[in-house]
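**Student:** I am attaching a structure below and will ask some questions about it afterwards.
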Amino acid sequence: MLTQFLHYKFYLIFYLLINAFIFCNNKYITDWGPLLIDNQSLTIRDEEVIHLVDNHILYMNSIFGFPNKELFKIIISDNPQLQSVSNIWDWSLGITKGNTIIMKDISISHISQNRFMQVLRHELNHIYLNKLNAKYNIPRWFEEGFSMYYANENFLSNKLLIANNINNTDMFIIDQLDAKFNSKSKKQFNFAYAYSQVLFNFFIMDYSELILIEVIKDIKSGHIFKDAFYNNTLLTVNNYNIKVIDNIKSNFWWLRLMDFPSFLFIIAPLLLIVAFIIVKIKNYTIIKRWKLEEKLEELKDHEN
Ligand SMILES: [Zn+2]
């Protein structure tokens with residue numbers, strides 16, 4: 115009898131352990147549907163994550179309205195070896211696949227907590243777009259641009275990267291961007307990412323956020339991206355591409371001057387000449403003043 119009881123006890127403990135493992139993710143209710151958090155971080159607490167998520171959901175809903183309410187997950191991983199998840203895991207800070215965000219914990223990404231939260235906002239924006247319409251894909255440049263814009267990621271380094279390739283028009287073909295995103299080259303990926311930021315910012319500048327809201331509305335109601343874009347801008351993406359290249363050429367040429375080391379190297383002799391002229395002018399006025407004072411002294415002596 116006792117051995118039988120111990121036998122059952124063993125199964126009971128085993129059952130509880132398995133359940134504890136399965137349900138170790140904490141479940142929360144949000145306005146975008148249930149959220150599971152699997153947090154392996156020692157520094158970032160669930161409460162901080164949920165606070166940011168709730169605030170961001172409120173912010174996005176206030177602009178674009180509610181998306182479909184479906185379960186989504188946030189995993190904060192301290193495992194640096196997750197290349198199986200994505201080929202860009204090595205150099206990314208967070209990735210989103212379908213309804214799951216995987217964030218690199220700050221113990222392996224070595225970024226500040228503020229930057230971590232900014233990346234989390236970026237990934238939540240991907241979730242928002244993924245929840246709009248399961249049937250059609252939104253192009254990657256629009257997804258990334260949107261996600262950066264609504265996470266306040268407006269990096270000067272991205273603009274500089276675009277400015278430095280200003281004469282390489284072939285690189286600015288929107289249709290070829292997805293291939294760059296999927297390439298294993300970090301350089302190609304970074305360029306695609308930087309260009310997405312610039313493309314999206316130009317979109318907002320050219321058409322305003324109100325037009326963007328209409329594009330999102332059309333996607334939500336079942337239009338494919340191309341149609342939603344055309345209906346609200348009266349331009350095909352290809353024609354918009356021509357406009358963007360012109361914009362880059364007229365707005366970004368001067369940014370190349372900000373490539374600091376070479377820029378300083380070019381203007382150093384000019385700075386020296388300007389400094390030389392200033393010193394010369396200053397000396398000339400001092401000498402002139404001294405001569406005048408000398409003359410006045412002489413006159414005074416004569417009068418005396
Ligand atoms: Zn992204």
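When you number the sequence shown by our numbering, it's gap-free, plus one each residue, and the end is 418. Glycine included, each C-beta is placed from N, C-alpha and C at the ideal position.
Here's the rule I'm using: 16 or more other beta-carbon atoms within 10 Å means buried, otherwise exposed. How should Ala308 be labelled?
**Tutor:** Ala308 should be labelled buried.
**Student:** Would you say Ser271 touches ligand 1, meaning its beta carbon is less than 7 Å from a heavy atom?
**Tutor:** Result no, Cβ not under 7 Å from ligand 1.
**Student:** Just curious, the beta strand (DSSP E) that Met217 is in, first and last residue?
**Tutor:** Looking at the DSSP string, the run of the beta strand (DSSP E) that includes Met217 is 214-218.
**Student:** Specify, as a first and last residue, the run of the beta strand (DSSP E) that Tyr142 falls within.
**Tutor:** Counting along the chain, the beta strand (DSSP E) containing Tyr142 begins and ends at 140-144.
**Student:** With a cut-off of 8 Å, do at least 3 Cβ pairs link the stretch 167-186 to the stretch 140-147?
**Tutor:** The stretch 167-186, when compared against the stretch 140-147, does touch it at the 8 Å Cβ threshold.
**Student:** By Cβ distance, which residues of its chain are closer than 7 Å to Ile276, with the 5 residues on each side in sequence left out?
**Tutor:** Once the five neighbours on either side are set aside, the close Cβ partners of Ile276 are Ala308, Tyr309, Val312, Ile362, Phe366.
**Student:** Keeping to the same chain, check which residues put their C-beta closer than 7 Å to that of Asp160; ignore five residues upstream and five downstream.
**Tutor:** Asn140, Ile151, Asn153, listed in sequence order.
**Student:** Between the Cα of Met319 and the Cα atoms of Val358, Phe303, Asp292, which residue gives the shortest distance?
**Tutor:** It is Val358.
**Student:** Looking at the strands, I want to know which residues DSSP matches up with Thr210.
**Tutor:** Partner(s): Ile215.
**Student:** Quick check on DSSP: helix, strand or coil for Ile225?
**Tutor:** It is coil, neither helix nor strand.
**Student:** Can the beta-carbon of Ile241 be found less than 8 Å from the beta-carbon of Thr210?
**Tutor:** Contact flag set, yes.
**Student:** In the structure shown, what three-state DSSP assignment does Leu149 receive?
**Tutor:** Leu149 falls in the strand class under three-state DSSP.
**Student:** Quick one: give me the first and last residue of the beta strand (DSSP E) that Ser191 is part of.
**Tutor:** Where Ser191 is concerned, the enclosing beta strand (DSSP E) stretches over 186-191.
**Student:** Taking DSSP as the reference, what is the three-state secondary structure of Pro194?
**Tutor:** Note: Pro194 maps to coil in three-state DSSP.
**Student:** Within 10 Å of its beta-carbon, does Lys273 have 16 or more other beta-carbons around it, so buried, or fewer, so exposed?
**Tutor:** Its Cβ being crowded by 16 or more others within 10 Å, Lys273 is buried.
**Student:** Who are the near neighbours of Ser226 in its chain, counting only those whose CB is closer than 8 Å to its CB and skipping five residues on each side?
**Tutor:** Excluding residues within five positions, the ones whose Cβ falls inside 8 Å are Ile220.
**Student:** Exposed or buried, Val329, counting other C-beta atoms within 10 Å across all chains shown (16 or more means buried)?
**Tutor:** Its Cβ being crowded by 16 or more others within 10 Å, Val329 is buried.
**Student:** By Cβ distance, which residues of its chain are closer than 8 Å to Lys405, with the 5 residues on each side in sequence left out?
**Tutor:** If we look at Lys405 and ignore the five residues flanking it on each side, it has no Cβ neighbours.
**Student:** Report yes if the CB atom of Lys183 is closer than 8 Å to the CB atom of Asn213, and no otherwise.
**Tutor:** Against a cut-off of 8 Å, the Cβ pair of Asn213 and Lys183 comes out as no contact.
**Student:** Rounding to the nearest angstrom, what Cα-Cα distance links Asn133 and Lys340 in this structure?
**Tutor:** Unreliable positioning characterises Asn133 in this predicted model, as indicated by a pLDDT of 49, which lies under 50. The coordinate reading is nonetheless provided below. Looking at the two C-alpha atoms, the distance is approximately 46 Å.
**Student:** Starting from the Cα of Asn355, find the closest Cα among Ser261, Phe256, Met217 and give me that residue.
**Tutor:** Of Ser261, Phe256, Met217, the residue nearest in Cα terms is Phe256.
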